[in-house]
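Chemist: So that we are looking at the same thing, I have put the structure below in structure tokens.
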Amino acid sequence: MADVNKLAPFILQWEGGFVNDPDDLGGATNKGITLSTYESFCRRKGYPKPTVERLKNISQTDWIEILKTMYWDKWKADQIMNQSVANILVDWVWASGGYGIKRPQKILGVKVDGIVGSLTISAVNACDSRELFYAIKSDRIKFIDEICESRPVNNKFKRGWLNRINAIKFEP
């Protein structure tokens with residue numbers, strides 16, 4: 015089964031540190047965690063409402079817990095048999111929210127509802143892992159083209175997004 019600790023270094027490698035680019039719809043972000051995501055996490059934990067300064071100093075413990083509980087678990091990725099498939103699915107949710115569930119559900123031919131249930135997980139694990147991985151990768155690239163076409167300012171991020179997608183490798 016897939017393991018979140020095998021994906022975490024990849025995400026950290028691509029996310030880097032604190033950024034607050036006015037062209038990024040995510041706003042203030044540190045290690046890929048947006049302020050709004052951090053606020054949701056802090057509410058769940060009973061922490062005080064976070065500030066940008068606290069986001070800049072997010073602990074590694076909180077970062078990995080956010081990755082696990084708010085992204086990895088959305089895909090029920092602990093139940094995915096192939097690590098590479100889990101990685102590309104969770105990375106898509108990390109980067110693009112609900113599209114990272116709905117578009118793969120369409121590829122899988124299951125109900126497109128943005129909720130990963132037993133039918134979605136069964137479909138993931140029933141597929142040839144290599145074929146599914148490359149179908150998802152291809153659709154992610156198509157998705158990037160679409161969001162850059164619909165919002166041209168996104169083109170400044172396109173090369174980095176594509177490099178990231180292409181850095182996710184399939185391993186049986």
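Going by my numbering, the first residue of the sequence shown is number 15, and it counts up by one from there. For each residue, glycine too, the CB sits at the ideal point set by N, CA and C.
1) Does residue 140 pass the burial test, meaning 16 or more other C-beta atoms within 10 Å, or should it be called exposed?
2) If we ignore side chains and look at the alpha-carbon of each, how far apart do residue 178 and residue 142 end up?
3) What residues are listed by DSSP as bridge partners for residue 44?
4) If we ignore side chains and look at the alpha-carbon of each, how far apart do residue 59 and residue 82 end up?
5) What's the call for residue 119, buried or exposed, on a 16-neighbour Cβ count within 10 Å?
6) Taking the alpha carbon of residue 175 as the point to measure from, which residue in 186, 184, 110 and 76 has its own alpha carbon closest?
7) Do residue 26 and residue 44 have their beta-carbon atoms positioned less than 8 Å apart in this structure?
8) Which first and last residues belong to the alpha helix (DSSP H) in which residue 39 is found?
9) Measure the CB-CB distance between residue 102 and residue 147 and report whether it falls below 8 Å.
10) From residue 15 to residue 96, what does the alpha carbon distance come to, in whole angstroms?
11) What I want to know is whether the C-beta of residue 20 ends up closer than 7 Å to one or more non-hydrogen atoms of the ligand COA.
12) Which of the three DSSP states is assigned to residue 144 in this structure?
13) Quick one: what does DSSP say residue 126 is sitting in, helix, strand or coil?
14) Just how far apart, CA to CA, sit residue 151 and residue 135?
15) Given a threshold of 16 other Cβ atoms within 10 Å of its Cβ, counted over all protein chains shown, does residue 76 qualify as buried or as exposed?
16) Starting from residue 106 and walking both ways along the alpha helix (DSSP H), at which residues does that stretch end?
17) Which residue from 88, 93, 133 and 98 puts its Cα closest to that of residue 113?
Modeler: Let's see:
1) exposed
2) 23 Å
3) 32 and 47
4) 14 Å
5) buried
6) 110
7) no
8) Taken as a continuous stretch (DSSP letters only), residue 39 belongs to no alpha helix (DSSP H), as it is neither H nor E.
9) yes
10) 6 Å
11) Within the structure as shown, the ligand COA is missing, as the structure has no ligands at all.
12) helix
13) coil
14) 18 Å
15) buried
16) 97-110
17) 88
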